[in-house]
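Residue numbers (the UniProt record's numbering): 1 to 166.
We put the CB at the ideal spot given by N, CA and C, even for glycine.
What follows is a short report on a single structure.
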Amino acid sequence: MNATAAASATPSTTAAPRLVKPQGRFMVALDKVTRDLITWLTYRGVSVYGSRVLAVRGRKSGEWRTTPVNLLVIDGRRYLVAPRGHTQWVRNMRAVGGGELRLGKKVETFDATELTDADKPVVLRAYMKQWAWEVSYFFGDVNADSPEAELQRIAPGFPVFRIDAA
Numbered sequence: 001m002n003a004t005a006a007a008s009a010t011p012s013t014t015a016a017p018r019l020v021k022p023q024g025r026f027m028v029a030l031d032k033v034t035r036d037l038i039t040w041l042t043y044r045g046v047s048v049y050g051s052r053v054l055a056v057r058g059r060k061s062g063e064w065r066t067t068p069v070n071l072l073v074i075d076g077r078r079y080l081v082a083p084r085g086h087t088q089w090v091r092n093m094r095a096v097g098g099g100e101l102r103l104g105k106k107v108e109t110f111d112a113t114e115l116t117d118a119d120k121p122v123v124l125r126a127y128m129k130q131w132a133w134e135v136s137y138f139f140g141d142v143n144a145d146s147p148e149a150e151l152q153r154i155a156p157g158f159p160v161f162r163i164d165a166a
């Protein structure tokens with residue numbers, strides 16, 4: 001199943017798209033400094049807790065678009081979570097079904113399959129455990145210790161893709 005087919009089967013596509021941005025001057029500044037530092041290191045081949053630069057072709061322009069992401073590995077399977085919600089990279093990924101993960105000069109091409117909302121809680125919990133220090137404010141009062149029902153409730157707002165080598 002490609003990303004488009006998976007997305008059409010996902011209940012989250014019927015929910016209003018959600019885009020989360022940091023609130024308050026301090027959080028905006030902290031988010032920018034953190035993203036800039038992690039991106040700078042990742043472009044130079046230094047992974048910070050699994051960081052990569054995601055490159056996805058624009059759905060309209062066809063040009064490469066890049067953004068820093070956290071690559072999550074669970075039992076050998078790899079995932080990308082969009083903690084900011086339905087962002088442009090998510091829309092592009094749904095349209096093209098894959099992209100590249102970059103770490104320094106190393107480039108890995110992959111295919112992406114979007115998870116259904118029912119499959120997201122396990123991945124969201126692991127993501128929150130690993131990167132709470134960086135992304136907790138995007139999830140509000142939900143955290144890695146929240147009940148399954150809470151993770152299921154927020155799942156439509158957080159796209160998750162399983163990625164496989166192309």
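Range of the contiguous beta strand (DSSP E) that encloses residue i
i    : result
K106 : K106 to E114
N92  : Unbroken run through N92 is the alpha helix (DSSP H), Q88 to V96; no beta strand (DSSP E).
A118 : Unbroken run through A118: none, as it is neither H nor E.
A165 : V160 to A165
Anticipated Cβ contact below 8 angstroms, residue i with residue j, distance rounded
i    : j    : result
E100 : V107 : 5 angstroms
D164 : D111 : 5 angstroms
V160 : Y79  : 6 angstroms
N92  : R125 : That belief does not hold up - the Cβ atoms of N92 and R125 are roughly 26 angstroms apart, past 8 angstroms.
T113 : R162 : 5 angstroms
Cβ-based neighbour list, residue i, same chain, cut-off 8 angstroms, excluding 5 preceding and 5 following
i   : result
M27 : Y137
V73 : G50 and Y79
V96 : A3, V56, R57 and R59
One or two residues paired with residue i in a DSSP bridge
i    : result
L72  : Y79
T66  : A55
L101 : L54 and E108
Extent of the continuous alpha helix (DSSP H) run through residue i
i           : result
residue 172 : Outside the shown range of the chain, which is 1 to 166, sits residue 172, and nothing can be said about it.
residue 170 : For the chain, the structure presents residues 1 to 166; residue 170 sits outside this window and is missing.
A149        : E148 to I154
Cut-off 6 angstroms between Cβ atoms - residues of its own chain near residue i, not counting five sequence neighbours on either side
i   : result
P83 : V135 and F138
Cβ shell of residue i (< 7 angstroms), same chain only, five flanking positions each side left out
i    : result
L103 : T42, G45, S47 and R52
Query raised in the report: For the stretch 60-75 against the stretch 31-45, are there 3 or more C-beta pairs whose distance is under 8 angstroms?
Result: With a cut-off of 8 angstroms, the stretch 31-45 and the stretch 60-75 count as touching, because enough Cβ pairs lie within range.
Query raised in the report: Should the stretch 151-164 be called in touch with the stretch 116-136, which here means at least 3 C-beta pairs below 8 angstroms?
Result: Enough Cβ pairs lie closer than 8 angstroms, so yes.
Query raised in the report: Would the stretch 52-59 and the stretch 128-142 be scored as touching if the rule is three or more Cβ pairs under 8 angstroms?
Result: By the C-beta criterion, the stretch 52-59 is judged not to be in contact with the stretch 128-142, since fewer than 3 inter-stretch pairs fall below 8 angstroms.
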